[in-house]
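K.L.:
Numbering (the numbering used here), first residue to last: 131 to 823.
#1: What runs of the beta strand (DSSP E), each 3 residues or longer, lie entirely inside the stretch 557-601?
#2: DSSP beta-bridge partners for residue 677?
#3: Would you mind working out which of 243, 715 and 806 sits nearest residue 784, comparing C-alpha positions?
#4: Within the same chain, show all residues whose beta-carbon is closer than 8 Å to that of residue 805, passing over the 5 residues directly before and after it, in chain order.
#5: On the three-state DSSP scale, how would you describe residue 692?
#6: Identify, in the order they occur along the chain, each residue of the same chain with its Cβ nearer than 7 Å to the Cβ of residue 634, setting aside the five sequence neighbours on each side.
#7: Applying the criterion that 16 or more other CB atoms from any shown protein chain within 10 Å of the CB defines a buried residue, is residue 203 buried or exposed?
#8: Nearest-angstrom Cα distance between residue 516 and residue 302?
#9: By alpha-carbon positions, which one of 403, 326 and 145 ends up nearest to residue 794?
#10: Quick one: using the 10 Å Cβ neighbour count with 16 as the cut-off for buried, is residue 546 buried or exposed?
#11: Tell me whether residue 459 is buried or exposed, calling it buried when 16 or more other Cβ atoms sit within 10 Å of its Cβ.
#12: Per DSSP, which one or two residues make a beta bridge with residue 659?
#13: Going by DSSP in three states, residue 362 sits in which element: helix, strand or coil?
#14: Could you pull out every unbroken beta strand (DSSP E) segment of at least 3 residues lying fully inside the stretch 374-415, listed in chain order?
#15: List the endpoints of the continuous alpha helix (DSSP H) containing residue 439.
#16: Check residue 472 in the structure and name its three-state DSSP category.
#17: For residue 213, which three-state DSSP category applies?
#18: Could you work out which residue in 694, 655 and 462 is closest to residue 229 when comparing CA atoms only?
#19: Could you check if residue 539 is buried or exposed, using at least 16 other CB atoms within 10 Å of its CB as the buried criterion?
#20: Run through DSSP, which three-state label would residue 803 get?
#21: Suppose you measure from the CA of residue 479 to the CA of residue 244; what does that come to, to the nearest Å?
#22: Should residue 281 and residue 440 be called a contact, given that it needs their Cβ atoms to be closer than 8 Å?
#23: Cβ-heavy atom distance between residue 698 and the ligand FAD below 7 Å?
#24: Pick out whichever of 250, 231, 669 and 425 has its Cα sitting closest to the Cα of residue 241.
#25: Quick check on the burial criterion: 16 or more other C-beta atoms within 10 angstroms. Buried or exposed for residue 631?
#26: Hey, how far is the Cα of residue 433 from the Cα of residue 214?
#27: Please say whether residue 339 and residue 657 have beta carbons closer to each other than 8 Å?
#28: Evaluate residue 673 with the Cβ neighbour count: other Cβ atoms within 10 Å of its Cβ, from every protein chain shown; 16 or more gives buried, anything less gives exposed.
#29: How many Å lie between residue 799 and residue 144 at the Cα?
#30: With a CB to CB cut of under 6 Å and the five nearest residues on each side skipped, what residues in its chain are close to residue 606?
#31: With DSSP collapsed to three states, give me the class of residue 86.
#32: Looking at the unbroken beta strand (DSSP E) that takes in residue 669, where does it start and where does it end?
#33: Pop quiz: residue 382 and residue 651 are said to be a contact at Cβ under 8 Å. What is the actual Cβ separation, rounded to whole angstroms?
#34: Where does residue 343 fall in DSSP's three states?
#35: Are the CB atoms of residue 670 and residue 436 nearer to each other than 8 Å?
#36: Residue 709 and residue 413 look like a contact to me (Cβ under 8 Å); what is the Cβ gap, rounded to whole Å?
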């Protein structure tokens, strides 16, 4: 077991190591992949056939059915499920799967027909039967699983724990009743109850310890205001240390922040299977809310097996999903291979007359009718579905117009083992983890009845080294269904894998659902589908997925509604980062409450008036009646020299005010918004580009 508890020999990115430190996988022989930048091995998906993504979508929907794990073995029910799936309109599946795969002119690849067939769905049933056995053992369902996987469960969190979580939300919201903490720029729709962007690590401001000394119960009384100020990273020497990228490609500097880092809490994995916080949760009072800590510990305990199912270290540059391929790799994807098309060339009659095709026919939005061409030897005026001219004889031109791709058939199903191998679970490998916690409530009202679609993103920046997410959707009241959509990077260097002749990749474009030619600027992104985020669902996934929230709104526009959830972000267990064990609480009001909680107004005359006034001057938001009384009725002055020294010490030692923390939150959000914009541009700019042969 790898011992990762704090010691004086610890060093962290930004404290003992460079901020942009990334461990070299060649040294460690393993690493957890991140989708934050496009150069990370393990964050790259294989290109998936449209048909395979459709199968994943159907399996996700079927596994949402009540008692699916029993019904999937009932042949009569299965027959109905297959009929239901075959009745899904091709256009509906196509639009979800090829989302965002247009070129610069907005023109998509010609739509596929008959995306699913009975063979595909019989394969799905066999796979669901295998997943049902894993579900019966663990309560977990792997879904949307190909090069990476999502994991969901509607049963893992029992009613007792749900009630505890509800009580925690009620208590935290009650504390904010007079002044809700609306997350900035959400139009007062998202209430932050616990959020890591408030009171983050601030380089050049935050006090830290090199040792992991700050606990939970002692965090405020023993450690608040202590430690040394962490220096700001400066100069090119801070740019990199360790590993800089994969495949000879560097990691863009914007992937890091040189000003802020979210602070995780440390947890101990107990021998009895439970979880225990060994440092406080940032922005959750460690003394007032000790019972909430216990509730979150139970949620983390339940989330660890879900992470074990879908978050894995990469070894030997192989995939991390733990599953085999559903489809064979194309032997000969070249357009000249007539076996890739129906009808074949020799099954087409030579046309007798000519007319140009309509725009609808070219885009594939109308049924393909018999085309009539002129009697010249060649026909070059007709555009293909990708905008290129159909070339060749009249018969070849007609064939290229009317042909449909032969879609691949799935392989014979072979069951595989879900979950970690022996000795590979988080509990078996590590005795502690670092977890970042967020608790929030989305509140909709008749005046503000809609929540917009989210932006594509991964979690955190490189500073946080987040490798996995667990989301628990606690409560949904009076809102329409919502989903979390997923996608991944693919490789742009496709001509290393596929060998086709000059411009002979139209079959590939059709069956993969994306444009592939040079200058067509189709992004190297693979859509995986979406998972419903319904009440009571635990959802876990690795941080190689880009994801976004679909829009939702009030069901009944005359009544308010809400969606409450808690997010747990798993920090890379192989890369220890600065945590709340290193950083004493920065919340000024926590310190003020504890420092002066026993000071009553009747005892105010025992406190030096200048000291009380200095504290109030430095902390104008302090709400302590005894301190205010001391400023008015306390003992008289101290020597001027001593007061000056005290004032200077207060400037350095007093924790951060709420006003300061909110200013930092806005600046942090600005940095991350810019980063996400840069990341989106990088994702979109990396495009497929078959080389000219």
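Cβ atoms here follow ideal geometry from the backbone N, Cα and C, with glycine treated the same way.
P.N.:
Let me lay it out:
#1: 562-574
#2: 587 and 616
#3: 715
#4: 384, 385, 387 and 591
#5: strand
#6: 464, 465 and 466
#7: exposed
#8: Note that residue 516 has pLDDT 46, beneath the 50 cutoff, so the model's placement of it is unreliable and the number below is only indicative. If I take the Cα positions, the gap works out to 55 Å.
#9: 326
#10: exposed
#11: exposed
#12: 616
#13: coil
#14: 395-399 and 405-407
#15: 420-440
#16: strand
#17: helix
#18: 655
#19: exposed
#20: helix
#21: 24 Å
#22: yes
#23: This structure does not include the ligand FAD; it has no bound ligands of any sort.
#24: 231
#25: exposed
#26: 33 Å
#27: no
#28: buried
#29: 20 Å
#30: 665 and 693
#31: What is shown of the chain runs 131 to 823, which leaves residue 86 out entirely.
#32: 668-672
#33: At roughly 20 Å, the Cβ-Cβ gap does not stay under 8 Å, so residue 382 and residue 651 are not in contact.
#34: coil
#35: yes
#36: Incorrect: roughly 14 Å between the Cβ atoms, too far for contact.
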